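For the sequence shown, this note's numbering gives the first residue as 149, with consecutive numbering after it.
Ideal Cβ placement from N, Cα and C applies to all residues, glycine included.
If you're wondering where the values come from, they're calculated on a predicted model, not measured in any experiment.
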Amino acid sequence: MEIRGEQSLSHPREDVWAALIDPDVLGACVPGCKSFERVSEDHYRAAMQADIGPVSAGFEVEIRIADPDPPHSYRLEGNAKAAVGFGRGQADVRLEEDGRGGTKLSYVAKLQLGGKLAQVGSRLLSGITRKIAANFFERFAQVLEGKRPVGAARAKRPGVWFQVALGRVFRNRALRWAVPAVLLGLAALAVLLLLTS
């Protein structure tokens with residue numbers, strides 16, 4: 149499956165680049181993310197919890213940055229695994245100045261799913277992935293604006309954790325299928341990514 153998208157951000161390209169490789173920022177932006185750590189300069193590891201239908205599953209995610217060209221572009225390569233299946237993917241991320249002091253971020257992600265995750269229809273998964281990507285970028289913009297805490301500041305706000313957990317209870321269960329796919333696809337970007345797979 150291939151997913152494409154672009155997002156306009158009101159911040160300079162260098163600031164967007166720095167945020168996209170910051171594990172604290174990514175951890176604050178990826179839905180369901182429990183941890184997001186930098187293992188080395190180009191290698192990240194994440195853990196996330198996602199409800200897939202009636203089953204709650206923990207995913208272990210590995211992401212590598214390949215071909216970095218700061219602050220212009222990079223490729224994300226990653227995989228996720230859980231008892232319910234696995235995902236592999238890569239995403240080409242490009243940052244361009246928009247001529248007004250902001251940045252146009254564009255991405256093309258290719259995802260491959262296996263196990264029970266592969267049973268999700270590609271049309272359904274594509275729609276869900278777009279919604280998750282929109283959620284990621286909304287959070288990402290909030291982080292850039294200073295309206296969403298990251299890192300230690302995020303951990304010190306238990307009220308936010310409770311609000312997020314409560315929101316997950318009431319959120320459409322179908323959206324939870326796509327969280328691992330978006331993470332790998334976006335940055336799992338994400339997306340991803342997540343827009344994350």
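Distance from ALA257 to GLY237 at the Cβ level is roughly 6 Å; contact confirmed, criterion being Cβ atoms closer than 8 Å. For the alpha helix (DSSP H) assignment, the uninterrupted runs of no fewer than 4 residues enclosed by the region 169 to 196 are, from N- to C-terminal side, 171 to 177.
Residue state for GLU162 is assigned as helix, using DSSP reduced to three classes.
Close CB contacts of GLN290 within its chain, under the 8 Å cut and outside five residues either way in sequence, are with ARG296 (chain order).
Counting other Cβ atoms within 10 Å of its Cβ, ASP172 reaches 16 or more and is therefore classed as buried.
When the beta-carbon positions are compared, LEU157 and GLY250 come within less than 7 Å of each other. Here the region 165 to 185 makes no contact with the region 259 to 269; the two share fewer than three CB pairs at distances below 8 Å. A straight line joining the alpha-carbon of PHE207 with that of ASP246 spans about 36 Å. Here DSSP, grouped into helix, strand and coil, assigns ALA228 to strand. Closest option to LYS264, judged by alpha-carbon separation, among SER254, ARG248, ALA231 and ILE280: ALA231. Counting along the chain, GLU150 sits inside the beta strand (DSSP E) bounded by residues 150 to 157. For GLY235, the enclosing beta strand (DSSP E) begins and ends at 233 to 245. In the three-state reduction of the DSSP assignment, LYS279 falls in the helix class, which pools H, G and I.
Of all alpha-carbon atoms in MET196, ALA266 and ILE280, the one lying nearest the alpha-carbon of VAL209 is that of MET196. Taking GLU150 as the centre and dropping the five residues before and after it, the same chain places the C-beta of LYS258 closer than 6 Å to its C-beta, in chain order. The continuous beta strand (DSSP E) containing VAL256 extends over residues 251 to 263.
Our two residues, LEU168 and ILE213, have alpha carbons roughly 11 Å apart in a direct line. Residue pairing by DSSP places GLU210 opposite ARG193 and ASN227 in a beta bridge. Within the model, the alpha-carbon separation for LEU243 versus GLU185 is close to 23 Å.
As computed with DSSP, SER274 is found in no beta bridge at all.
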